[in-house]
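The sequence shown begins at 1 in the UniProt record's numbering and counts up one residue at a time. Structure, as structure tokens:
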Amino acid sequence: MAIEHDFFGLLESGPDGSIFWSENVEFGDQSVTVDLTAPDQDDVSTEALDVAASLISSLEAVDLAARNAMVNELDSRTSEVTEYILQQQATLGDELDDLLLDASGDTHIDVIKALQLMSMTILADEHGGADPFAVLEYALDPDATDDVLLVNLASDGRVQSVTSAD
1 MAIEHDFFGL
11 LESGPDGSIF
21 WSENVEFGDQ
31 SVTVDLTAPD
41 QDDVSTEALD
51 VAASLISSLE
61 AVDLAARNAM
71 VNELDSRTSE
81 VTEYILQQQA
91 TLGDELDDLL
101 LDASGDTHID
111 VIKALQLMSM
121 TILADEHGGA
131 DPFAVLEYAL
141 DPDATDDVLL
151 VNLASDGRVQ
161 SVTSAD
């Protein structure tokens, strides 16, 4: 079986009925890995694929919304974003300054600006559900795959939560 979509082309299912699509999308001066996955193609609607295509096509706006959500988390000392930034400061020390793109004097904001969008995973079978429809993965250091922040999006593009990978 397969699903045909204008944006994704022919999505063929594996022997277990799952579908998977992966592409590197150019974003600014970097390449972002975008994966679309579902354990059962029967749970994937055309509407879900349309929403996924829209998220990918508007990656710049999605990224801005995700970063704004991170900034909003800075109000709480116990938020995962604040904890992540403090952990990066403790781990990297003076080396942190080398990773910052634009040192404004507000280290927390500077870290959020310097985060790289590494990947977007779209869980196409979660369209309209309570679980995340898309997960954006951000890292300060692309080689430190354990030190990431995850931004979970609902199928309407709204940020549900920002968590660390721990």
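Note that the Cβ used here is the ideal one computed from N, Cα and C, for glycine as well. Computed from a predicted model, the values in this text were never measured in an experiment.
Where do the N-terminal and C-terminal ends of the alpha helix (DSSP H) with residue i fall, by residue?
{"i": "Leu99", "result": "96–99"}
{"i": "Leu74", "result": "Looking at the DSSP string, Leu74 is not in any alpha helix (DSSP H), and its letter there is neither H nor E."}
{"i": "Ala90", "result": "80–92"}
CB-CB under 8 angstroms to residue i, same chain, minus the five flanking residues each way: which ones, in chain order?
{"i": "Ala154", "result": "Pro132, Phe133, Gln160"}
Mind checking whether residue i and residue j have CB atoms under 7 angstroms apart?
{"i": "Ala48", "j": "His108", "result": "no"}
{"i": "Leu11", "j": "Ala66", "result": "no"}
{"i": "Ile3", "j": "Gln41", "result": "yes"}
{"i": "Ala165", "j": "Val151", "result": "no"}
{"i": "Gln88", "j": "Leu36", "result": "no"}
{"i": "Ala114", "j": "Leu101", "result": "yes"}
{"i": "Asp43", "j": "Asp125", "result": "yes"}
{"i": "Ala69", "j": "Val162", "result": "yes"}
{"i": "Val81", "j": "Glu73", "result": "yes"}
For residue i, name the three-state secondary structure that DSSP assigns.
{"i": "Ala103", "result": "coil"}
What is the residue span of the beta strand (DSSP E) that residue i lies within?
{"i": "residue 169", "result": "As shown, the chain starts at 1 and ends at 166. That puts residue 169 outside it, with no answer to give."}
Apart from the five residues just before and just after residue i, which ones in its own chain have a Cβ nearer than 6 angstroms to its Cβ?
{"i": "Val34", "result": "Glu23, Val25, Ile56, Met120"}
{"i": "Gly17", "result": "Asp40, Gln41"}
{"i": "Leu59", "result": "Phe27"}
Might you give, ordered along the chain, the residues of its own chain that have their beta carbon closer than 7 angstroms to the beta carbon of residue i, omitting 5 neighbours on each side?
{"i": "Asp106", "result": "none"}
Quiz item: Could you give the uninterrupted runs of the beta strand (DSSP E) lying entirely in the segment 112–166, keeping only those of 3 residues or more?
Solution: 116–123, 134–139, 148–153, 159–164
Practice problem: Identify every run of the beta strand (DSSP E) within the segment 23–65, keeping only runs that are complete inside it and at least 3 residues long; order them along the chain. | Solution: 30–38
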